[in-house]
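Trainee:
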Amino acid sequence: MSSAAFPDDRSYTDDHEWVLIEPGATLPDEPVRVGITSVAVNSLGELVFVDLPEVGSTIVAGESCGEVESTKTVSELYPPVSGRVTLINTAAVDDPGLVTSDPYGEGWLFAVQPSAAGELLTAAEYAEKNGVQA
Numbered sequence: 001m002s003s004a005a006f007p008d009d010r011s012y013t014d015d016h017e018w019v020l021i022e023p024g025a026t027l028p029d030e031p032v033r034v035g036i037t038s039v040a041v042n043s044l045g046e047l048v049f050v051d052l053p054e055v056g057s058t059i060v061a062g063e064s065c066g067e068v069e070s071t072k073t074v075s076e077l078y079p080p081v082s083g084r085v086t087l088i089n090t091a092a093v094d095d096p097g098l099v100t101s102d103p104y105g106e107g108w109l110f111a112v113q114p115s116a117a118g119e120l121l122t123a124a125e126y127a128e129k130n131g132v133q134a
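This is the structure we're talking about:
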């Protein structure tokens, strides 16, 4: 896997989540999408269940807000930003395989109206922390 596998138009967390906020950008006024990275997908294997926060709920960056389950294990979701959940990807809930096959596209998990960001990494920083070479 190369660092090119991590899109540069979003930020990442040590917990293997991404948020569609460009590194260094201020928090946008509109909701942003959140998902899990290809590193998480490769580690977990084929996803079979996705449990996401409810629309309207408030989540806090770095605090568990849901989970994904694979045939191997269950992993908690730690949002990269705090804020109010505005939308969940019902297609990913109905077919968790979307997250496995397209984690940066159709497999996004939920959208948040951000109020604060947690500790975010660039694609290059995330790649380096995970031993992925360019």
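Just so you know, UniProt numbering puts 54 at position 54 of the sequence shown, and the rest follows in order with no gaps. Note that beta-carbon positions come from the ideal geometry of N, C-alpha and C, so glycine has one too.
#1: DSSP on SER3, reduced to helix/strand/coil?
#2: Between which residues of its own chain and SER57 is the CB-CB distance below 6 Å, once the five residues before and five after are set aside?
#3: What are the uninterrupted segments assigned as alpha helix (DSSP H) that are 4 or more residues long and contained completely in the segment 80 to 130, given in chain order?
#4: Excluding the 5 residues preceding and the 5 following GLY118 in the sequence, name in chain order all residues of the same chain whose CB lies nearer than 6 Å to its CB.
#5: Hey, would you say VAL32 sits closer than 8 Å to LEU20, going by beta carbons?
#6: To the nearest angstrom, how far is it from the Cα of GLU22 to the Cα of CYS65?
#7: Between which two residues does the beta strand (DSSP E) carrying VAL68 extend?
#8: Can you say whether PRO53 is buried or exposed, counting buried as having 16 or more other CB atoms within 10 angstroms of its CB?
#9: Which residue spans inside the segment 9 to 55 form an unbroken alpha helix (DSSP H) run of at least 4?
#10: Just to confirm the assignment, what range does the beta strand (DSSP E) spanning GLU63 have?
#11: Select from THR37, TRP108, GLU67 the residue whose C-alpha is nearest the C-alpha of GLU17.
#12: Between which two residues does the beta strand (DSSP E) harbouring VAL74 extend?
Mentor: According to the data block:
#1: Position 3 of the sequence shown holds residue 3. With a pLDDT of 43 at SER3, under the threshold of 50, the predicted position of this residue should be treated as unreliable, though the coordinate-derived value follows. Looking at SER3 - three-state DSSP - the assignment turns out to be helix.
#2: Position 57 of the sequence shown, counted from the first residue, corresponds to residue 57. The residues are VAL85.
#3: Here the runs fully enclosed are 90 to 94, 97 to 101, 123 to 129.
#4: Taking the sequence shown and counting its residues from 1, the one referred to as residue 118 is at position 118. ALA61, GLY62, PRO80.
#5: For the purposes of this step, residue 32 is taken as residue 32 along the sequence shown, with counting starting at 1. For the purposes of this step, residue 20 is taken as residue 20 along the sequence shown, with counting starting at 1. Their beta carbons are under 8 Å apart, which means VAL32 touches LEU20 by this criterion.
#6: Sequence index remark: in the sequence shown, residue 22 carries index 22 (1-based). Sequence index remark: in the sequence shown, residue 65 carries index 65 (1-based). Those two C-alpha atoms are separated by around 22 Å.
#7: Position 68 of the sequence shown, counting from 1, holds the residue named residue 68. Bounds of the beta strand (DSSP E) holding VAL68 are 66 to 70.
#8: Here residue 53 corresponds to residue number 53 of the sequence shown, with the count starting at 1. That one is buried.
#9: Counting only runs of 4 or more, we get 38 to 44.
#10: In the sequence shown, the residue the question calls residue 63 occupies position 63. Segment: none, GLU63 is in no beta strand (DSSP E) and carries neither H nor E.
#11: To locate residue 17, count along the sequence shown from 1; it is residue 17. The shortest C-alpha to C-alpha distance from GLU17 to any of THR37, TRP108, GLU67 is the one to THR37.
#12: The residue you call residue 74 lines up with position 74 of the sequence shown. It spans 74 to 77 - the beta strand (DSSP E) in which VAL74 sits, taken as one unbroken run.
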